[in-house]
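Engineer: All the letters of the sequence shown, read from the start, carry residue numbers 163 to 304 under the working numbering.
Handing you a structure now.
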Amino acid sequence: DLAIAAGDDAHLSVFLLNLSYLADHRGEYEESRKLCCDSLRLCRSLGRRMMAAWRVSELAGPEVGLGRPERGALLVGASDEALRALGVGRHPGDRPEHERVVAALHAALGDERAEALRREGATLSLDQAIELALSEPSTTTT
């Protein structure tokens with residue numbers, strides 16, 4: 163509420179992502195997805211491409227929870243490639259969560275399919291990945 167009142171969209175994007183993380187871990191996957199998309203929209207509007215690339219990957223958690231691991235794997239692949247192109251990686255504190263989600267993708271899809279989808283996601287530009295992340299999911303992907 164304070165960030166909204168102050169018009170501080172940069173911090174608001176971080177707070178929304180933190181709330182998304184909490185919702186995901188409570189099993190509230192729709193709410194987690196909504197909050198992360200709100201955060202991603204703010205990052206995009208502020209031109210914060212590195213933050214947007216991280217957000218794209220963060221959406222994979224709720225996508226797995228919502229039964230859409232294919233979409234999650236595409237988003238992780240797109241995010242990984244965008245971060246590589248930007249010359250950055252994940253914060254050390256974010257790596258365990260990322261590894262948890264990647265393990266869930268592999269458990270849901272199998273190693274071969276998960277990696278194939280990550281490679282497919284890596285062909286997307288960051289802008290294409292953002293559009294995919296913010297689009298309404300269909301009942302089937304790829």
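In this text, a Cβ means the ideal position worked out from N, Cα and C, and glycines have one as well.
1) Straight-line CA distance for S182 to A269?
2) For L228, name the three-state secondary structure that DSSP assigns.
3) Is the Cβ-Cβ distance between A240 and G283 less than 8 Å?
4) Quick one: complete alpha helix (DSSP H) runs, 4+ long, within the segment 201-276?
5) If the criterion is Cβ atoms closer than 8 Å, does the pair V226 and A266 meet it?
6) Does DSSP put E282 in a helix, in a strand, or in coil?
7) Express the C-alpha separation of A276 and A214 in angstroms, rounding to a whole number.
8) Look at the alpha carbon of R203 and the alpha carbon of L179, and state the distance between them as a whole number of angstroms.
9) Have a look at Y191 and L286 and give me their C-alpha separation to the nearest angstrom.
10) Buried or exposed: where does R195 fall if 16 or more other Cβ atoms within 10 Å of its Cβ makes it buried?
11) What's the call for I166, buried or exposed, on a 16-neighbour Cβ count within 10 Å?
12) Grab me the residues of C205's own chain with a C-beta within less than 7 Å of its C-beta, minus the 5 sequence neighbours each way, in chain order.
Structural biologist: On the basis of the data shown:
1) One C-alpha to the other measures close to 22 Å.
2) Secondary structure of L228 (DSSP, three-state): coil.
3) Taking 8 Å as the Cβ cut-off, A240 and G283 qualify as a contacting pair.
4) For secondary structure counted as the alpha helix (DSSP H) over 4 or more consecutive residues, the segment 201-276 holds these complete runs in sequence order: 211-220, 222-227, 231-248, 257-271.
5) In this structure, A266 lies closer than 8 Å to V226 by Cβ.
6) In the displayed model, E282 falls within a helix according to three-state DSSP.
7) Between A214 and A276, the C-alpha separation is close to 22 Å.
8) Per the coordinates, the alpha-carbon of R203 lies some 11 Å from the alpha-carbon of L179.
9) The C-alpha of L286 is placed about 25 Å away from the C-alpha of Y191.
10) R195 is buried by the Cβ-count criterion.
11) I166 counts as exposed, since fewer than 16 other beta carbons sit within 10 angstroms of its beta carbon.
12) If the five residues before and after C205 are omitted, its C-beta is found closer than 7 Å to the C-beta atoms of S175, M213, A214, R217, all from its own chain and listed in chain order.
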